[in-house]
Each structure stands twice: as C-alpha cells, then as structure tokens.
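Position 7 of the sequence shown, counted from 1, bears residue number 663 in full-length UniProt numbering, the numbering being contiguous throughout.
One structure below.
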Amino acid sequence: HADIAMYRAKQSGRDNYQFYTPAMNAQALERLRIEGDLRIALERNEFLLHYQPKINLRSGRIVGMEALIRWNHPELGMVSPARFISLAEETGLILPIGSWVIRTACEQVRAWQEAGLGNMRVSVNLSVRQFVQKDLVSSIAKVLQETGLDADFLELELTESLVMTDVEHAIGILRELKDLGVHLSIDDFGTGYSSLSYLKKFPIDVLKIDKSFVRDITLDADDAAITVSIISLAHSLKLHVIAEGVETEEQLSYLRQHGCDEMQGYLFSPPVPPERFVELLQEKNDTQVTTLEFSAR
Ligand code: C2E
Ligand code: MG
Ligand code: MG
Ligand code: MG
657 HADIAMYRAK QSGRDNYQFY TPAMNAQALE RLRIEGDLRI ALERNEFLLH
707 YQPKINLRSG RIVGMEALIR WNHPELGMVS PARFISLAEE TGLILPIGSW
757 VIRTACEQVR AWQEAGLGNM RVSVNLSVRQ FVQKDLVSSI AKVLQETGLD
807 ADFLELELTE SLVMTDVEHA IGILRELKDL GVHLSIDDFG TGYSSLSYLK
857 KFPIDVLKID KSFVRDITLD ADDAAITVSI ISLAHSLKLH VIAEGVETEE
907 QLSYLRQHGC DEMQGYLFSP PVPPERFVEL LQEKNDTQVT TLEFSAR
C-alpha cells in the first residue's frame, strides 16, 4: 500500500517524500481503482446521462436541458462526476467518454423531437482536453449529421479557464463551432478569470451564473450584487443568462425580478433519468402554465 501511495505522490509531480496515513492510503487506492475501472466503463456500458430541465422564467416552461453524466459502477453504485471527471481529464479518458456524452445526448434529444415532445435544446459540458482536440469541430459535425439533430438544438458549455487559456486559439474554435450552428455558453460564470474585453470577442450565446452566487442571493448583499451585475453584463452583450442551483422560491423571485432569462435547479427538478424527464415534460409543458408555481413534484 505504501508503494502505491508513493507512486501517486511522484505521479502528481511532487518530488518530495510524504508521510501517508492509512486514510490517505485508502484514498490513493480508491483513486487507482477508479482509474482502472474507468478504462473499462465505456465498453461495459456503465455510463448514463441524466437531464436537468432549464426553465424560461417568463413562460415557466421547460425550454431545454443539461445532460449530466452518471457512472453506474458495479460495486460502488452511482458515482458522481465530481469523483471521476478530473481523473478522466488527467488520463485522457475524457476524450472517448466525452464523445459518448455528445452522441448520446444528441440521439436522445432527436428521439424526443421525433416523438413530438418539443424542440428543446440540450447542452453538454465540454472539458479542456476535448476543446483542444484537433478534430473537435469535425467530430461534432459528424455526430449532428449521423443523428439528424439540427445544430440549433445543441449547446456546448465551456468554462472561463477553458476559453481564457489561449484566447486567440479559443476564438478560432468558437467561431468554427458557431459556423456549424451550435450554441455556446460559459458555465460557472464568475468563478474563474474572465477578461471582459475578451468576453465581447467570444462568439458565445449564454452566461450561466454559478450556483455559488445564487445560493446566498437573498442573504448576502455581495452575492446579490454580483448576480445582478452578471445579468446586466449578459444583456449588454446581447447574451442570454441562466442561473444554476436555484433551490428556493425566494431565489427564483429575486432572479425573475432582476430579469434573469432562465433557471436550472432543484426547486424545479434535479437532473433525472430520461424516462422521468419525459414525465416532467408532460406534467409541466402540457398544462398551460399561467402562473409560475414551481415545485419539485
Ligand atoms: P456543472 O456543469 O456546473 O453542472 C451543474 C451541477 O450542479 C450538476 O452537478 C447538478 O446536478 C448540480 N445542481 C443542479 N441543480 C442544483 C441545485 O439546485 N443545487 C445544487 N447544490 N446543485 C445543483 P453534477 O451532475 O454532479 O455535475 C458536476 C460537474 O461535473 C458539472 O458541473 C460539470 O462540470 C461536470 N460534468 C458533469 N457531466 C459532465 C460531462 O458529461 N462532461 C464533462 N466534461 N463534465 C461533466
Ligand atoms: Mg454545466
Ligand atoms: Mg455550472
Ligand atoms: Mg462545472
């Protein structure tokens, strides 16, 4: 066990010796195990996508959804992306996994459209490794063509650090993606480093206000100020703005009052399996929603 722990220390680039407690050994071991299992998870069909609705704050209707990956591990059960996405990034496994996510999301939404459930847009999260991959644009074009999904119904969620690392290069790729017709959003906006002068150069469509600001919006004056500023910044730049992590009616009414366009959060629904998403669509979108009464059930 000590050997394994030492190996991890070297791998992570720290050339110093460290003292490992049994708890740290267990952590290192779990990491190694997850890494090994991650390599075979795709072929074993252990990944699935959950979908979280995005609600238009004026109509109260579901206008789209975010696809979020889940890993149904044979022994560990449902493993959250927080536990394996960064590992998938480090190992490069994010490339095949990410391709699977995009294809599956496009297929799913196309199937829903064909079933007459509406023309909603699906967003998928893109990681750095995927973004810098040479054939990103052509591979997305291929998926759209093969699944028959119109590019207008696909959105890619990027982070600030992803687009800010090599700005000129990023702008080039974003332009190519826009030329394809897909929508682009900046996820977790406000938590990273963005240069406002670059922001206006990026051909993006949406800012997603990070849930850390939304959480205390009605309690903390600074978070409220930041949120209102992001809404106004987005609108000045002619972008749409969506708040993530909306959990309470108070947060919702604050956001609506300040002109936020859309919201996503447990208040309306957590990410759910496809079957449940269809039920949500039938419950919420089929009835004419006149009041904006949101509740999870
Ligand atoms: P994200 O893209 O910012 O996704 C939003 C996260 O917030 C999701 O966590 C979602 O379940 C959670 N969430 C939604 N509503 C609420 C709420 O009201 N309150 C709180 N506290 N949380 C809420 P999840 O699904 O665990 O995903 C975590 C992160 O993992 C995502 O953050 C994203 O960065 C990454 N991720 C998920 N799926 C993928 C994927 O397919 N590819 C890549 N590259 N990253 C992914
Ligand atoms: Mg996201
Ligand atoms: Mg986010
Ligand atoms: Mg994120």
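Built from N, CA and C at the ideal position, the CB exists for glycine as well.
What number of angstroms, rounded off, separates the C-alpha of residue i from the C-alpha of residue j?
{"i": "residue 970", "j": "GLN769", "result": "Lying outside 657 to 953, the shown extent of the chain, residue 970 is not represented and no answer is given."}
{"i": "PRO737", "j": "ASN701", "result": "16 Å"}
{"i": "ARG831", "j": "LEU840", "result": "10 Å"}
{"i": "ARG932", "j": "GLY774", "result": "16 Å"}
{"i": "GLU813", "j": "ASP872", "result": "24 Å"}
{"i": "PRO926", "j": "GLN801", "result": "30 Å"}
{"i": "VAL719", "j": "LEU743", "result": "32 Å"}
{"i": "HIS657", "j": "ASN681", "result": "In this predicted model, HIS657 has a pLDDT of only 43, less than 50, meaning its place in the structure is not dependable; the value taken from the coordinates is given anyway. Cα-Cα distance, rounded: 6 Å."}
{"i": "ASN941", "j": "PHE740", "result": "34 Å"}
{"i": "HIS825", "j": "ILE860", "result": "15 Å"}
{"i": "LEU893", "j": "ILE882", "result": "16 Å"}
{"i": "PRO752", "j": "VAL928", "result": "23 Å"}
{"i": "ALA887", "j": "ASP693", "result": "Checking the sequence, you will find Ile at residue 887 rather than Ala. In a straight line, the C-alpha of ILE887 is about 42 Å away from that of ASP693."}
{"i": "THR946", "j": "LEU713", "result": "Caution applies to THR946, whose pLDDT of 41 falls short of 50 and renders its modelled position unreliable; the model cannot decide the point."}
{"i": "SER755", "j": "LEU833", "result": "16 Å"}
{"i": "ASP806", "j": "PRO678", "result": "52 Å"}
{"i": "SER779", "j": "VAL884", "result": "24 Å"}
{"i": "LEU732", "j": "LYS710", "result": "30 Å"}
{"i": "LEU895", "j": "ASP808", "result": "16 Å"}
{"i": "residue 968", "j": "PHE869", "result": "This structure gives no information on residue 968, because the portion of the chain shown stretches from 657 to 953."}
{"i": "LEU937", "j": "LEU855", "result": "34 Å"}
{"i": "CYS916", "j": "VAL784", "result": "28 Å"}
{"i": "ARG687", "j": "LEU704", "result": "21 Å"}
{"i": "ASP835", "j": "SER850", "result": "23 Å"}
{"i": "GLU811", "j": "VAL823", "result": "20 Å"}
{"i": "LEU698", "j": "LEU818", "result": "25 Å"}
{"i": "ASP879", "j": "ILE696", "result": "42 Å"}
{"i": "ILE690", "j": "LEU889", "result": "41 Å"}
{"i": "GLU906", "j": "LYS790", "result": "45 Å"}
{"i": "MET776", "j": "VAL765", "result": "7 Å"}
{"i": "ARG717", "j": "ARG726", "result": "25 Å"}
{"i": "TYR707", "j": "GLN920", "result": "11 Å"}
{"i": "ALA797", "j": "GLY837", "result": "10 Å"}
{"i": "GLN786", "j": "LEU792", "result": "7 Å"}
{"i": "PRO730", "j": "SER909", "result": "42 Å"}
{"i": "GLN913", "j": "PRO930", "result": "32 Å"}
{"i": "ILE842", "j": "LYS864", "result": "6 Å"}
{"i": "MET734", "j": "LEU911", "result": "32 Å"}
{"i": "ALA877", "j": "THR904", "result": "17 Å"}
Along the chain, where does the beta strand (DSSP E) that runs through residue i open and close?
{"i": "PRO709", "result": "703-712"}
{"i": "GLU722", "result": "718-729"}
{"i": "ARG777", "result": "777-781"}
{"i": "SER841", "result": "839-845"}
{"i": "GLN920", "result": "918-920"}
{"i": "LEU812", "result": "810-815"}
{"i": "ILE898", "result": "896-900"}
Please list the terminal residues of the continuous alpha helix (DSSP H) segment that includes residue i.
{"i": "LYS867", "result": "867-871"}
{"i": "HIS891", "result": "877-892"}
{"i": "GLU931", "result": "930-936"}
{"i": "ILE696", "result": "678-697"}
{"i": "VAL757", "result": "750-770"}
{"i": "GLY828", "result": "823-836"}
{"i": "VAL788", "result": "No alpha helix (DSSP H) holds VAL788; DSSP gives it neither H nor E."}
If you measure from the CB of residue i, is any heavy atom of ligand 1 nearer than 8 Å?
{"i": "ILE753", "result": "yes"}
{"i": "SER850", "result": "no"}
{"i": "VAL719", "result": "no"}
{"i": "GLY901", "result": "yes"}
{"i": "SER794", "result": "no"}
{"i": "HIS706", "result": "yes"}
{"i": "PRO930", "result": "no"}
{"i": "LEU685", "result": "no"}
{"i": "TYR922", "result": "yes"}
{"i": "VAL757", "result": "yes"}
{"i": "ILE741", "result": "yes"}
{"i": "GLN786", "result": "yes"}
{"i": "LEU833", "result": "no"}
{"i": "ILE827", "result": "no"}
Let me check you understand the geometry: is the CB of residue i closer than 8 Å to at least one non-hydrogen atom of ligand 3?
{"i": "GLU918", "result": "no"}
{"i": "ASP693", "result": "no"}
{"i": "LYS710", "result": "no"}
{"i": "ASP879", "result": "no"}
{"i": "ASP866", "result": "yes"}
Our contact map puts residue i next to residue j with C-beta atoms below 8 Å; I'd like the distance itself, whole angstroms only.
{"i": "VAL897", "j": "LEU923", "result": "Going by Cβ atoms, the distance from VAL897 to LEU923 rounds to 17 Å, so no, they are not a contact pair."}
{"i": "THR821", "j": "ARG759", "result": "That pair is no contact at about 26 Å."}
{"i": "ALA723", "j": "ALA761", "result": "4 Å"}
{"i": "ILE827", "j": "PHE858", "result": "6 Å"}
{"i": "GLU900", "j": "ASP866", "result": "7 Å"}
| query | What is the chain-ordered set of residues for which the beta carbon lies under 6 Å from any non-hydrogen atom of ligand 2? | reply | GLU722, ASN781, GLU813 and ASP843
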